[in-house]
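In my numbering, the protein residues as written are 92 to 428.
Here is the structure we will look at.
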Amino acid sequence: MTNKLHTISRRGLLRTGAAVGAASLFTPAILRAQGTYPTRNINVVIATGQGGGAETTARAFTNVMRTDLGVDFEFEFHPGAGGQVGYELYNSRRDKDGYNLLFSNMHPEIITYATQETNYNLPGDIIHFAKTGGTPIVCYVGANSPIQSIEQLVEMGRQNTVTIACSRLPHPGTIGMLSLAEATGADFNMIPYGGGNPTSMATITGETDAAVLTAGVAISLGEQVRVLGTFRSMEAFNVQMGNPPLVNDVFGTSIPELELAQGWAMHTEVWENMPEVRERLVGSIRAAFDNPELRAQHEAVNYPFDGVEYGDETVCAQIVADTTALARQFADRIRDS
């Protein structure tokens with residue numbers, strides 16, 4: 092029996108190395124994030140302008156997570172078209188390698204997806220996997236308004252058209268009030284005012300019959316407004332608003348809980364095919380909720396901590412499904428009210 096020892100020449104070695112190197116260049120990015128994750132900084136795309144609530148919340152979390160993960164986070168902002176600009180860019184121009192995340196104002200951006208033609212699919216291309224918190228949607232009137240209850244507002248809407256101020260039409264408050272109108276036979280005319288302050292002033296001055304926005308806005312107005320009802324009951328907010336009734340409890344409706352939620356998203360390919368990335372990020376985000384530093388980060392910039400709560404990918408999937416269905420149901424009203 093003979094043993095054959097195969098040798099390779101220097102030229103052959105160079106050819107082999109070049110072939111391996113070339114092959115690695117064509118290996119899909121999805122397969123290239125190997126080793127202990129993460130090994131470099133993580134990029135975060137935000138589909139709104141710099142300085143808003145999404146950035147504040149995202150930085151509060153990443154300031155805690157970077158200690159756990161041992162890397163830093165870099166931010167980029169791409170506002171426009173209700174989040175569509177940022178989502179399109181993230182989906183088509185950011186590598187699917189586990190080092191690119193999206194931080195989302197969930198409900199408004201899902202509404203945009205549901206009512207516009209986009210080149211991305213939720214959750215087929217981008218999956219929301221960790222809710223970081225939310226603020227309930229509430230309906231309120233000015234303190235001097237004759238309307239004393241949500242029942243009275245609906246009854247008025249059954250007799251005549253009732254005007255409801257909102258900050259913008261693609262908003263969870265809009266689909267909440269339109270859902271209530273359809274369920275009760277009321278006629279609500281949604282009027283966008285382009286921001287929280289003008290929306291509130293419209294109902295405080297009596298220019299509109301009522302307004303719909305977040306509990307945080309209503310609470311900040313104090314005795315200038317009276318909250319008639321909420322689309323999601325959260326004790327931390329309820330006690331600051333005089334414990335308004337849950338809309339579904341009053342009318343026996345089954346409108347999905349509506350809030351202005353925020354959360355983390357990533358490429359669905361990464362979520363499904365890179366378990367190390369998925370488990371490391373989810374673990375770090377969950378650990379942040381148990382870290383007192385997260386509250387300290389919010390307090391340092393005077394940002395409310397009341398609505399901070401964790402929701403996993405199942406919670407996020409329900410938000411996407413419910414919000415998409417409602418937005419598509421009222422798509423014509425959202426565009427044309």
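Ideal placement from N, C-alpha and C gives every residue a C-beta, glycine not left out.
Predicted model only: the values in this text are computed from it and were never measured.
Review point. Do the segment 316-330 and the segment 187-203 meet, that is, are 3 or more Cβ pairs less than 8 Å apart?
Key: no
Practice item. Please specify which runs of the alpha helix (DSSP H), each continuous and at least 4 residues long, are wholly inside the segment 242-319, giving them in chain order. Key: 263-275, 287-295, 306-311
Review point. So V162 packs on R131, CB below 8 Å; how close in whole Å?
Key: 6 Å
Practice item. Excluding the 5 residues preceding and the 5 following R377 in the sequence, name in chain order all residues of the same chain whose CB lies nearer than 7 Å to its CB. Key: Y401
Practice item. Evaluate Q388 with the Cβ neighbour count: other Cβ atoms within 10 Å of its Cβ, from every protein chain shown; 16 or more gives buried, anything less gives exposed. Key: buried
Exercise for review: Closer than 6 Å by C-beta to A256: which residues in its own chain qualify, once you throw out the five before and the five after it? Chain order, please.
Suggested key: I282, Y284, T290, A293, T294, T299, A302
**Study point:** Where the beta strand (DSSP E) through Q331 begins and ends
**Key:** Taken as a continuous stretch (DSSP letters only), Q331 belongs to no beta strand (DSSP E), as it is neither H nor E.
Exercise for review: Report buried or exposed for E208, applying the criterion of at least 16 other Cβ atoms within 10 angstroms of its Cβ.
Suggested key: exposed
Check your understanding: Since F166 is in the beta strand (DSSP E), which residue starts that stretch and which ends it?
Key -> 164-168
Review point. Which of the three DSSP states, helix, strand or coil, is assigned to T83?
Key: Residue coverage of the chain in this structure runs from 92 to 428, which leaves residue 83 outside it and unanswerable.
Review point. To which residues of the same chain is V338 closer than 8 Å at the C-beta, ignoring the five residues directly before and after it?
Key: C230, I241, G267, L271, G320, T321, F322, T344, I346
Review point. Residue range of the alpha helix (DSSP H) that S183 falls in?
Key: 175-184
Practice item. Taking 9 Å as the cut-off, decide whether the C-beta atoms of V373 and G189 are in contact. Key: no
Point to revise | Status (buried if at least 16 other CB within 10 Å, exposed otherwise) for R317 | key: buried
Exercise for review: Could you have a look at L349 and say whether DSSP puts it in helix, strand or coil?
Suggested key: coil
Practice item. List the residues that DSSP assigns as beta-bridge partners of C230. Key: V303, G320
Point to revise | Y401, DSSP secondary structure in three states | key: strand
Practice item. Answer yes or no: do S258 and L193 have a C-beta to C-beta separation smaller than 9 Å? Key: no
Exercise for review: Inspect the CB distances between the segment 210-224 and the segment 169-184 and report whether three or more fall short of 8 Å.
Suggested key: yes
Point to revise | Enclosing beta strand (DSSP E) for F194 [first to last residue] | key: 191-196
Exercise for review: Please work out which residues of its chain come closer than 6 Å, Cβ to Cβ, to V399, disregarding the five sequence neighbours upstream and downstream, and give them in chain order.
Suggested key: G224
Check your understanding: For A151, which residues of its own chain have a beta-carbon under 6 Å away from its beta-carbon, when the five flanking residues on both sides are left out?
Key -> Q388, H389
Practice item. Report the rounded CA-to-CA distance for Q243 versus H262, giving the unit in angstroms. Key: 24 Å
Check your understanding: When the Cα atoms are used, what is the spatial distance from R184 to D397?
Key -> 35 Å
Point to revise | Inter-residue Cα distance where the pair is A205 and A138 | key: 16 Å
Review point. If you draw a straight line from the C-alpha of T265 to the C-alpha of I425, how long is it?
Key: 7 Å
**Study point:** Bridge partner(s) assigned by DSSP for M357
**Key:** I218
Review point. Would DSSP call Q125 helix, strand or coil?
Key: The pLDDT assigned to Q125 is 48, lower than 50, so where the model puts this residue is not dependable; a value taken from the coordinates is nonetheless given after this. Of the three classes helix, strand and coil, the one that applies to Q125 here is coil, per DSSP.
Practice item. Enumerate in chain order the residues of its own chain whose CB-to-CB distance from R123 is below 7 Å, with the five nearest sequence positions on each side excluded. Key: In this prediction, R123 scores a pLDDT of 46, lower than 50, which makes its location untrustworthy; the coordinate-derived value is nonetheless stated afterwards. Here the set comprises D188.
Practice item. Grab me the residues of G140's own chain with a C-beta within less than 7 Å of its C-beta, minus the 5 sequence neighbours each way, in chain order. Key: F168, P170
Point to revise | C-alpha distance - S375 paired with A149, whole-angstrom precision | key: 13 Å
Review point. Are the beta-carbon atoms of G287 and V308 separated by less than 9 Å?
Key: yes
Point to revise | Which of helix, strand or coil DSSP assigns to L417 | key: helix
Review point. How many whole angstroms separate the CB atoms of T296 and G354, which I take to be in contact at a CB cut-off of 8 Å?
Key: No, T296 and G354 are not in contact; Cβ-Cβ is about 35 Å, not under 8 Å.
**Study point:** Spatial distance of E350 from P383 (CA atoms)
**Key:** 25 Å
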